[in-house]
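This note's numbering applies: residue 12 is where the sequence shown begins, and numbers increase by one. Heads up, the beta-carbon is just placed ideally off N, CA and C, and yes, glycines get one too. Notes for the one structure printed next.
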Amino acid sequence: MGKYDALYDFLERIPPDVGERTLTFDEMEKILGFKLPKSAYAYRQWWANSTSPHQHPHAQSWLAAGWRVEAVNQRDKWVRFQRGKQRQSKSEIARVSSENRLNPGKGKRFQEKAAELLSERFQVEFRLDYPIAIGNPPKDHRFDLVSSDQRHVGECKNYSWTKTGNVPSAKMGAVNEAVFYLSFLPKDTIRFVVMRKSVHPTRDETLADYYYRTYRHLLQGVLVLEIDVENDTIRKIEDAL
C-alpha cells in the first residue's frame with residue numbers, strides 16, 4: 012500500500028458506530044497529500060475492492076481498515092465507503108501499518124514527551140487523545156494534544172527519514188491529514204503539528220524542515236513544531252530570514 016497509508020489512518024479513526032462515509036475526490040487528495048491518478052477519475056475499476064496488492068495496492072488502504080467502496084460517482088467526483096463485516100487478515104494489516112501503529116508504544120511515548128515539553132512552553136496542562144467536535148454536522152475527533160483550556164490543540168507525528176534518506180511520502184500525507192483536521196478548529200486556537208527531529212547524513216535539513224518547506228501553503232496558520240527527544244528542546248519551524 013505504501014503511499015496510501017494516510018487513507019488507512021483516516022478510515023481507521025472513524026468511530027465504530029459510523030457505518031458509511033462519503034468523501035469527495037478533493038477531500039481524499041487533502042488526506043493523502045497528493046493528486047489521485049487520472050485512472051481514479053476515468054475508470055470505475057480503479058475503485059474495485061480487489062484483494063490483490065499487486066494489481067490494486069491502493070485498495071488495501073480501505074480494505075485493511077475494514078471498509079469497502081460501496082459507490083463511486085466519477086462525474087461528480089465522490090466515493091462512498093461502507094464499513095465491512097470484517098477486516099482483512101492481521102498479516103495484511105501489519106503489512107500496511109505506519110510506523111506508529113507498528114510500534115504504538117514508541118508513538119505513545121513521543122506523545123507523552125510532547126505533552127510534557129509543551130506544558131512547560133505554554134504554561135498549561137495537556138490532555139491526550141481528547142475529543143473535540145469538528146465539521147458540519149459536528150462529530151468528535153480525538154486530537155493527540157489538547158490543553159485544559161482548549162486554546163492549544165495539536166497532533167503528534169513521530170516520523171523519520173527512510174533508512175536511505177528518502178522522503179517517507181505516505182507519512183507526509185498523514186501529516187497533511189492532521190493539518191486538515193486542525194483546519195476545522197477556530198482560527199483563534201493555537202493549532203500545531205509536532206514532529207520528531209529526524210536527521211540523515213544525506214540531507215541538509217530535518218524532516219520537519221522538509222515538510223514545512225514543501226507543504227507550508229497548506230498550513231493556514233497551523234504551526235509546525237519540532238521536538239528533539241535527545242535534548243528535550245522544541246523548535247518552531249519558520250521561513251529562513
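ask   = Which residues in the same chain as residue 31 place their Cβ atom closer than 6 Å to its Cβ, once the five residues preceding and following it in sequence are excluded?
value = Working through the sequence shown from its first residue, we reach residue 31 at position 20. If we look at residue 31 and ignore the five residues flanking it on each side, its Cβ neighbours are 93.
key: According to DSSP, residues forming a beta bridge with residue 236   = Within the sequence shown, numbered from 1, the residue matching residue 236 stands at position 225. Answer by DSSP bridge pairing, in chain order: 205, 247.
inquiry  = Nearest by alpha-carbon distance to residue 95: which of 76, 84, 88, 82 is it?
reply    = In the sequence shown, residue 95 corresponds to position 84, counting from 1. Checked all of 76, 84, 88, 82; the closest Cα to residue 95 is 76.
inquiry  = Whole angstroms are fine: how far does the CA of residue 81 sit from the CA of residue 246?
reply    = Start at 1 with the first residue of the sequence shown, and residue 246 comes out as number 235. Start at 1 with the first residue of the sequence shown, and residue 81 comes out as number 70. If you take the alpha carbons of residue 246 and residue 81, they lie about 44 Å apart.
inquiry  = Can you list, in chain order, the residues of its chain with a C-beta nearer than 7 Å to that of residue 229? Leave out the 5 residues immediately preceding and following it.
reply    = Locating residue 229 in the sequence shown gives position 218, where the first residue counts as 1. The residues are 187, 190.
task = Compare the Cα-Cα distances from residue 221 to each of 182, 150, 42, 194 and report the closest residue.
result = Counting from one through the sequence shown, the residue named residue 221 turns up at place 210. Answer by Cα proximity: 182.
key: Simplified DSSP state of residue 75, which is helix, strand or coil   = As a first step, residue 75 is located in the sequence shown; it is residue number 64 there, counting from the start. DSSP places residue 75 in coil when its eight states are reduced to three.
ask   = Which residues in the same chain as residue 24 place their Cβ atom closer than 7 Å to its Cβ, once the five residues preceding and following it in sequence are excluded?
value = Here the question's residue 24 lines up with position 13 in the sequence shown. Correct list: empty, nothing qualifies.
ask   = Nearest to residue 144 by CA position, among 121, 192, 126, 122, is which residue?
value = Residue numbering aside, residue 144 sits at position 133 when the sequence shown is read from its first letter. Among 121, 192, 126, 122, the Cα nearest to that of residue 144 is on 192.
request  = Go ahead and pull the three-state DSSP assignment for residue 65.
outcome  = The count along the sequence shown starts at 1 and reaches residue 65 at position 54. Residue confidence for residue 65 is low, a pLDDT of 47 falling below 50, so the modelled location carries little weight and cannot support an answer.
query = Measuring CA to CA, which of 17, 207, 140, 158 is closest to residue 242?
reply = The residue you call residue 242 lines up with position 231 of the sequence shown. Closest by alpha carbon: 207.
request  = Write down every uninterrupted run of the beta strand (DSSP E) in the region 148-188 whose length is 3 residues or greater and which is fully enclosed by it, in chain order.
outcome  = Annotation note: the region 148-188 contains the following uninterrupted beta strand (DSSP E) runs of length 3 or greater, listed N- to C-terminal: 150-158, 163-168.
key: Reference residue 91; option with closest CA among 148, 55, 199, 176   = Numbered from its first residue, the sequence shown carries residue 91 at position 80. Minimum Cα distance to residue 91 is reached at 55.
query = Whole alpha helix (DSSP H) runs in the region 21-66 with 4 or more residues, listed along the chain?
reply = 36-43, 49-53
message = Within the continuous beta strand (DSSP E) that includes residue 140, where are the two ends?
response = Walking along the sequence shown from the start, residue 140 turns up at place 129. Looking at the DSSP string, the run of the beta strand (DSSP E) that includes residue 140 is 137-145.
ask   = Ordered along the chain, which non-local residues of its own chain (more than five positions away) have a Cβ less than 7 Å from that of residue 195?
value = Position 184 of the sequence shown, counting from 1, holds the residue named residue 195. Cβ neighbours of residue 195 beyond the five flanking positions: 145, 146.
inquiry  = If I measure Cβ to Cβ from residue 60 and keep anything under 7 Å in the same chain, skipping five residues before and after, which residues do I get?
reply    = Along the sequence shown, one-based indexing puts residue 60 at 49. 70, 74, 79, 80.
query = Using the beta-carbon count (16 or more within 10 Å), is residue 115 buried or exposed?
reply = Translated into positions along the sequence shown, residue 115 becomes position 104. Low per-residue confidence applies at residue 115: pLDDT is 43, beneath 50, and the placement is therefore not dependable, though the value from the model is reported in the following sentence. The residue is exposed, with fewer than 16 neighbouring Cβ atoms inside 10 Å.
ask   = What residues in its chain sit with their C-beta under 8 Å from that of residue 164, if we drop five residues either side in the sequence?
value = Start at 1 with the first residue of the sequence shown, and residue 164 comes out as number 153. Answer for residue 164: 143, 154, 156, 157, 158, 193, 196, 200, 201, 202, 203, listed in chain order.
message = Relative to the C-alpha of residue 167, which candidate in 160, 176, 141 has its C-alpha closest?
response = In the sequence shown, counting from the first residue as 1, residue 167 sits at position 156. Measuring C-alpha to C-alpha distances from residue 167 to each of 160, 176, 141 identifies 141 as the nearest.
query = At what residues does the alpha helix (DSSP H) containing residue 224 begin and finish?
reply = Translated into positions along the sequence shown, residue 224 becomes position 213. That run of the alpha helix (DSSP H) goes 218-226.
task = Quick one: using the 10 Å Cβ neighbour count with 16 as the cut-off for buried, is residue 122 buried or exposed?
result = Stepping through the sequence shown from its first residue, residue 122 is reached at position 111. Under this definition residue 122 is a buried residue.
Residue nearest to residue 131 in terms of C-alpha spacing, selected from 14, 244, 16, 248 = Along the sequence shown, one-based indexing puts residue 131 at 120. Checking every option, the nearest Cα to that of residue 131 belongs to 244.
ask   = On the three-state DSSP scale, how would you describe residue 210?
value = Stepping through the sequence shown from its first residue, residue 210 is reached at position 199. The answer is coil: DSSP assigns residue 210 none of H, G, I, E or B.
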